[in-house]
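Residue numbers (full-length UniProt numbering): 1 to 124.
Glycine included, every Cβ here is placed at the ideal spot set by N, Cα and C.
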Amino acid sequence: MPQSVVEFVRAQVPRAQYVLTVCTGGWLLAALGLLDGKRATSNKFFFNEIKKTTSPTVQWIAKARWVVDGKFWTASGVSAAQDMAYDFLQKLAGPEFAIAVKGVVGLRATGAGDDELADVFKLT
């Protein structure tokens with residue numbers, strides 16, 4: 001990845017109140033050592049490769065649409081990220097506002113553990 005991206009991420013993550021990733025974004029954070037000692041999830045298609053190429057101190061959760069560990073929120077893919085964003089919005093703005101937004105965008109949110117793809121890719 002370009003050095004400018006590495007430098008940007010390394011500079012921003014320590015200052016950020018929250019860090020949200022989608023799909024293989026967690027892989028990037030893990031590759032930079034920013035998820036050491038944390039729980040996370042990522043794209044199911046690349047899941048085993050991600051586990052093999054990152055620190056053993058990252059606890060990769062196979063059966064999870066998204067995982068929250070402290071300020072880190074990692075989603076396994078785009079649709080999971082929509083559900084994660086809904087959960088995040090509830091945390092930041094409260095359930096009433098989140099439900100209103102959910103209605104406007106037509107989101108049918110599912111839970112963090114409702115992850116059928118972990119079974120499809122035989123990760124569980």
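Look at F88 here: in three-state DSSP terms it is helix. As the crow flies, the alpha-carbon of K122 is around 24 angstroms from that of L29.
A distance below 7 angstroms between beta-carbons, with the five flanking residues on each side excluded, links L32 to the following residues of its chain, in chain order: V6, V9, R10. Rounded to whole angstroms, the separation of the alpha carbons of P2 and G26 is 17 angstroms. For the pair V22 and A81, the CB atoms are nearer than the 7 angstroms cut-off. In this structure, the straight-line span from the alpha carbon of V13 to that of R108 is close to 30 angstroms. For the 7 angstroms CB-CB criterion, L89 and A98 form a contact.
Apart from sequence neighbours up to five positions away, the residues of its chain that approach N43 with a beta-carbon distance below 7 angstroms are C23, T24, S76, G77, ordered along the chain.
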